[in-house]
Amino acid sequence: MAGQLIVSISGVSDRTLTDVASFRTQLEDRGVPASFLVAPRLKGGYRLDRDTTTVDWLVEQRTDGDAIVLNGFDEAATKQRRGEFATLPAHEANLRLMAADRILEHLGLRTRLFAAPGWNVS
């Protein structure tokens, strides 16, 4: 059985969208599928719900067959070098996941896929 390469791209926002879109095109030219690791809030005050250009682009990518993967709720609320869910009690982690899920649903990006930031969960 042959493996399949899937490239996961994180940090998609208005500041990175041009480069991300260019990279995605290069992957597509090579037949490589992508997944996009998405969090509703990032450092620097970024909020996905205020960035309609990125939301529209992500919706288009999913329509074209790429995966949207929930990658946390609020990157800015974490300590340096620690994943958002690394030290949270399970109840708090669940509340953050529910909030992130609700925001993505509101934006038309709801997903059942999750990858913890920094690959750490409580």
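If you're matching positions, the sequence shown starts at 75 in my numbering and goes up one per residue.
All residues carry an ideal CB built from backbone N, CA and C; glycine is no exception.
None of these values were measured; they are calculated from a predicted model.
Which of helix, strand or coil DSSP assigns to residue i
i      : result
Phe97  : helix
Ala160 : coil
Ala108 : strand
Ala141 : strand
Asn194 : Only weak support exists for where Asn194 lies, its pLDDT of 46 falling under 50; the coordinates are left without a value.
Asp148 : strand
Arg115 : strand
Euclidean distance between Cα positions of residue i and residue j
i      : j      : result
Gln135 : Met172 : 23 Å
Ser87  : Val143 : 15 Å
Asn145 : Thr127 : 19 Å
Val133 : Thr92  : 16 Å
Lys117 : Asp103 : 31 Å
Gly192 : Val112 : 13 Å
Cβ neighbour criterion (16 or more within 10 Å) applied to residue i
i      : result
Ala164 : exposed
Ala174 : buried
Ser96  : exposed
Phe169 : Looking at the sequence shown, residue 169 is not Phe but Leu. Exposed, by the Cβ-count rule.
Ala167 : buried
Leu79  : exposed
Ser109 : buried
Per DSSP, cross-strand counterpart(s) of residue i
i      : result
Ile83  : Phe110
Arg121 : Arg115
Do three or more CB pairs link the stretch 177-190 to the stretch 113-124 at distances below 8 Å? yes
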